[in-house]
Amino acid sequence: MKTTRRQGWTPATLREHREAHGLTLESAGDKLRETATRHSLAVPAANFQTLWGHENGTIYPGPHYRRAYCLMYQATEPELGFRLPLPGESQKADIVISELPAPSDPAADNAAAQVIEETFTKVTVDGIKDDDSPQAALRERVVDAWRRRHGAGDPRPILVLVGGYAGSGKTEFSRFLSDITGWAFLDKDSITRSMAERLLLSLGSDANDRHTELYLTEVRPLEYRCLMETAWDNLNCGTSAILSAPFIAELRDEAWFTRLENRCAAKGIDLAAIWVRCDPESMREYIEFRAAARDAWKLANWDQYVTGLDVDNPPATAHLTVDNRLGAAISLADQTRDALKRILT
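Take the sequence shown: its letters are residues 42 to 386, numbered as in this note's numbering.
Put into C-alpha cells, the structure is as follows:
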C-alpha cells in the first residue's frame, strides 16, 4: 500500500528496530518470511525494495507485513511506528516468558490461563471487571476450556457468535478463540459461499452479489440457516462452537436473540455473543488485502456503504465488545498465541 500520509506513522522507527537487532535489509526479509510461515500468516515477498520503502516512508506496510513485523520484533504496532496508540491501549502483552514456569511444571497451565485471561481483558472495550457480568463469565468459560483440554472443567457446551462488519477482524479473532479453547470454528463464508454463488447465478444475479434485495431476501437467510444447523450438529453431540459471520441483523434483533437463548437453555447449552469493533479505514484495508470478489461493490461504493454502518455502537445483545480498531486486538492475539507456544512447548 503506497502512501506518505498516515497519522502517527514514523518509518524511521522500523529501521531503528532492524538495526538494533543487527539485521541487514536482506536478512530482515528472510526472518520476516520465516516468521510469517511459522505463524501461518500470509507470507510476504519481503524483498529489499519493499522493506526499504517501509523504512523510508514511501510504502506503508499492509496488514500482513505489520503482523509479521510485530511478531518478529516482539513489539506492538505503535512501538514499531506504524501508528499512534489507541487511548488506553496496552503497549505490550506484558508477558515475560523467562519468568514463567517451565513446560514440564504443572503451574504452566495456570500461567497460560493467566495469559488468556489478561488478553481477553485487554482487547475488550473498557476492560472486564471481576464480577458476575456476562463479560467476566465468558472470559471464565474461555479459560475453563483451556483447562478442560487437560482433563478438567465443565463439559457443558457453549455457542459463541462472533459478529462484526466486513473486514472488522471477526474471522481472525474467531480463529484465535478456537486455537485456545479447542471449540469448533465455523465460518459462514467457508460453509456457504459455493452454495450461495451457485444459487445467485441460478436466480439470474451476479455470483458476488451481497447487497441487492434478491440476495438479502432469497440467499442470505439460507446462508445463516446452514451455519446455524451446522452449529447444532456440533452442539448436540457436546462440542462447543464458535460461529464467525457478520450477524448484523441478527444481533440487533432482540427477539431473534431471545429465541436463540431459549433454544440453547432448553438444550442445556450456554450462549455468548461477541461483537468485533473496528474503524472504517482499517476495515477497508483488510477488505482490500483479502481481494475477494464479493467485496467489489463495497469498495466501488465505499462512501455509500460506510454511511450505513454504525461502527461506534455494538448491538445491545453483545455480551462482549472486542476493540480491533487499527488492528489492536488481532495484534495482541498474535502475541498471545506466540507466548502460549513458548510456554507450553
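Glycine included, each C-beta is placed from N, C-alpha and C at the ideal position.
Margin query: Looking only at its chain, what residues have a beta carbon closer than 8 Å to the beta carbon of E67, apart from the 5 residues adjacent to it on each side?
Written below: Taken in chain order, the residues that qualify are F89.
Note to self: On the criterion of 16 or more Cβ atoms from any shown chain inside 10 Å, does G205 qualify as buried, or is it exposed?
What the structure shows: Looking at its Cβ environment, which holds 16 or more other Cβ atoms inside 10 Å, G205 is buried.
Item checked: Buried versus exposed call for T78 [16 or more other C-beta atoms within 10 Å across all chains shown] -> T78 is exposed by the Cβ-count criterion.
Notebook entry, point to check: Which residue from R325, R180, D150 puts its Cα closest to that of G368?
Noted result: The shortest Cα separation from G368 among R325, R180, D150 belongs to R325.
Notebook entry, point to check: DSSP state of R318, grouped into three classes?
Noted result: Here R318 sits in strand by DSSP.
Notebook entry, point to check: S68 lies in the alpha helix (DSSP H); which residues open and close that run?
Noted result: S68 -> alpha helix (DSSP H) spans 66 to 79.
Margin query: Closest to D274 by C-alpha separation, out of S219, S209, I199, R318, would be which residue?
Written below: D274 has its Cα closest to that of I199, out of S219, S209, I199, R318.
Check: When DSSP labels each residue in this structure, what does D247 get in the three-state scheme?
Finding: Correct three-state label for D247: coil.
Margin query: Once DSSP output is grouped into helix, strand and coil, what is the label at I157?
Written below: In this structure, I157 counts as helix in the three-state DSSP scheme.
Note to self: Tell me the DSSP secondary structure of I371 in three-state form.
What the structure shows: Taken through DSSP and simplified to helix, strand or coil, I371 comes out as helix.
Margin query: I'd like the ranges of any alpha helix (DSSP H) spanning at least 4 consecutive residues and lying wholly in the stretch 192 to 270.
Written below: Taking only runs of at least 4 residues, the alpha helix (DSSP H) segments lying wholly in the stretch 192 to 270 are 211 to 222, 229 to 243.
Notebook entry, point to check: Which whole-angstrom value is the C-beta distance of A282 and K229, which I expect to be below 8 Å?
Noted result: Not really, about 12 Å apart at Cβ, beyond 8 Å.
Notebook entry, point to check: Which same chain residues, not among the five before or five after P126, have their C-beta less than 6 Å away from its C-beta?
Noted result: Cβ neighbours of P126 beyond the five flanking positions: P119.
Notebook entry, point to check: Which term fits E270, buried or exposed, when burial requires 16 or more other beta carbons within 10 angstroms of its beta carbon?
Noted result: Label assigned to E270: exposed.
Checklist line | Reference E322; option with closest CA among I315, A380, L340, A334 | finding: Ranking I315, A380, L340, A334 by CA distance to the CA of E322 puts L340 first.
Next item on the list: May I ask you to report which of helix, strand or coil DSSP gives S285?
Entry: Strand, per DSSP.
Checklist line | Residue interval of the beta strand (DSSP E) (run including V183) | finding: V183 -> not in any beta strand (DSSP E); alpha helix (DSSP H) instead, spanning 175 to 189.
Checklist line | Nearest-angstrom Cβ-Cβ length linking W316 and T362, presumed shorter than 8 Å | finding: Yes, W316 and T362 are in contact; Cβ-Cβ is about 5 Å, under 8 Å.
Checklist line | Range covered by the beta strand (DSSP E) that runs through G363 | finding: Note that residue 363 corresponds to Val in the displayed sequence, not to Gly. Looking at the DSSP string, the run of the beta strand (DSSP E) that includes V363 is 361 to 364.
Margin query: If you measure between the beta carbons of G168 and N365, is that distance less than 9 Å?
Written below: For G168 and N365, no; Cβs fall outside 9 Å.
Next item on the list: Let me know if S219 comes out buried or exposed under the rule of 16 or more other beta-carbons within 10 Å of its beta-carbon.
Entry: With 16 or more other Cβ atoms within 10 Å, it is buried.
Next item on the list: Determine the DSSP secondary structure at T165, reduced to helix, strand or coil.
Entry: DSSP places T165 in strand when its eight states are reduced to three.
Margin query: On the criterion of 16 or more Cβ atoms from any shown chain inside 10 Å, does R300 qualify as buried, or is it exposed?
Written below: Answer is exposed; the Cβ neighbour count stays below 16.
Check: With which residues is D311 paired in a DSSP beta bridge?
Finding: D311 is bridged to I199.
Next item on the list: Check N277 in the structure and name its three-state DSSP category.
Entry: Coil.
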